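A.B. asks:
Protein chains in written order, with this note's numbering: chain V, 2 to 144; chain G, 2 to 144.
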């Protein structure tokens with residue numbers, strides 16, 4: 002288990018921002034809840050005022066594969082959009098969110114970012130920093 | 002100038018959560034961008050999955066009083082809603098946001114929360130922790 006603290010987070014936001022900057026996103030969409038804190042700091046670091054949210058909730062069914070329900074789908078009016086989450090774990094959340102966003106906004110360009118990714122994720126974000134090899138306890142999750 | 006760091010933030014989330022818990026909110030609305038990180042941690046601490054965002058942007062006009070533009074007004078389906086921002090400074094953002102949300106959702110009960118408040122604020126959140134007597138540099142703003 003890794004404790005992911007604020008100091009590491011701030012360094013990671015700086016690194017991610019320098020990777021993302023050339024894309025020049027006009028809107029950040031946070032995948033809630035995991036991506037909210039990252040979206041906030043990236044929006045400050047990259048000076049992007051337009052931050053929106055899309056919600057993804059997993060429901061488990063009798064230990065079978067869970068279902069992901071996507072809600073609060075934002076209406077977008079800009080052309081370059083960055084979608085962020087804390088981790089691409091199974092990758093299913095990113096995959097489903099991006100399918101919906103692209104269907105709804107065929108003329109916008111989307112890129113994705115996360116701090117962590119798993120090698121086994123079926124979706125690899127365009128901007129990603131660190132491979133997750135064990136359970137990560139994010140500072141925004143532990144109270 | 003006060004540097005507001007992550008350790009103090011985590012203590013403050015615990016304090017705010019214990020004040021808020023009896024209200025039992027079903028939805029948290031973050032006032033973007035300032036309230037995003039707080040909304041995320043409160044949603045974890047209080048175990049509230051439904052987090053939404055409303056955007057408030059100030060525009061200055063030739064050093065006159067600024068205009069606040071409220072966008073991304075969420076559609077709400079729950080009855081107890083907590084609206085959060087990092088600080089009630091002038092209080093104008095909270096005031097305008099709450100006017101719109103209450104007009105649009107007359108049957109919902111709203112409460113508001115912020116970490117900091119100014120004594121001079123025209124809007125005092127229901128749950129607030131600390132009086133802001135000088136400029137506060139939040140850790141999510143400094144990169």
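For glycine and all other residues, C-beta sits at the position ideal for the given N, C-alpha and C.
These figures come from a predicted structure and were not determined experimentally.
(1) Assign residue 25 of chain G to buried or exposed, taking buried as 16 or more other Cβ atoms, counted over all protein chains shown, within 10 Å of its Cβ.
(2) Just to check my reading of the structure: residue 41 of chain G and residue 37 of chain V have Cβ atoms closer than 8 Å, yes? What is that Cβ distance to the nearest angstrom?
(3) Three or more C-beta pairs closer than 8 Å, one from the stretch 73–81 of chain V and one from the stretch 102–118 of chain V: is that the case here?
(4) Using a Cβ cut-off of 7 Å, pull out every chain V residue sitting near residue 141 of chain G, in sequence order please.
(5) Please work out which residues of its chain come closer than 6 Å, Cβ to Cβ, to residue 13 of chain V, disregarding the five sequence neighbours upstream and downstream, and give them in chain order.
(6) According to DSSP, is residue 57 of chain V helix, strand or coil?
(7) Over what stretch of residues does the alpha helix (DSSP H) that includes residue 115 of chain G continue unbroken?
(8) Kindly identify the DSSP beta-bridge partner or partners of residue 134 of chain G.
(9) What are the residues in the stretch 67–93 of chain G lying within 8 Å of chain C by C-beta distance?
(10) Taking the beta strand (DSSP E) that residue 28 of chain V falls in, what are its first and last residues?
(11) Is it right to say residue 94 of chain V is buried, meaning 16 or more other beta carbons lie within 10 angstroms of its own, or is it exposed?
(12) From the DSSP output, read off the bridge partner residues of residue 4 of chain G.
(13) Can you list, in chain order, the residues of its chain whose CB lies under 7 Å from that of residue 101 of chain V, leaving out five sequence neighbours each side?
(14) According to DSSP, which residues form a beta bridge with residue 88 of chain V?
(15) Is residue 13 of chain V helix, strand or coil by DSSP?
(16) Alpha carbons only, please: which of G:114, G:128, G:133 and G:127 is nearest the one belonging to residue 120 of chain G?
(17) Return the CA-CA distance between residue 69 of chain G and residue 136 of chain V, expressed in angstroms with no decimal places.
(18) Starting from the C-beta of residue 99 of chain G, find all residues in its chain whose C-beta is less than 8 Å away, skip the five residues before and the five after it, and write them out in chain order.
(19) Can you find a C-beta in chain G that's less than 8 Å from the C-beta of residue 18 of chain V?
(20) Just to confirm my understanding: we take residue 21 of chain V, look at its own chain, exclude 5 residues before and 5 after, and list those with CB closer than 8 Å. What are they?
(21) Below 7 Å on C-beta distance, what does residue 33 of chain V contact in chain G?
(22) Near residue 86 of chain G, what residues of its chain come up, given a Cβ to Cβ distance below 7 Å and the 5 sequence neighbours on each side ignored?
(23) Along the stretch 91–124 of chain V, what residues have a CB closer than 9 Å to any CB found in chain G?
(24) Along the chain, where does the alpha helix (DSSP H) containing residue 105 of chain V start, and where does it finish?
(25) I need the DSSP call for residue 122 of chain V, collapsed to helix, strand or coil.
(26) Are the CB atoms of residue 30 of chain V and residue 53 of chain V nearer to each other than 8 Å?
(27) What first and last residue would you give for the alpha helix (DSSP H) that runs through residue 38 of chain G?
(28) Give a yes or no on whether the minimum CB-CB distance between residue 38 of chain G and chain V is below 8 Å.
C.D. replies: This is what the structure gives:
(1) exposed
(2) 4 Å
(3) yes
(4) 41, 42 and 45
(5) 116 and 130
(6) strand
(7) Here residue 115 of chain G belongs to no alpha helix (DSSP H); instead the beta strand (DSSP E) covers 110–118.
(8) None, per the DSSP bridge assignment.
(9) Absent here is chain C; the protein component of the structure consists of chains V and G.
(10) 28–33
(11) buried
(12) G:138
(13) 71 and 74
(14) V:117
(15) helix
(16) G:133
(17) 42 Å
(18) 84, 111, 113 and 124
(19) yes
(20) 43, 47, 83, 112, 114 and 128
(21) 52
(22) 32, 35, 36, 94, 95 and 115
(23) none
(24) 93–105
(25) coil
(26) yes
(27) 37–46
(28) yes
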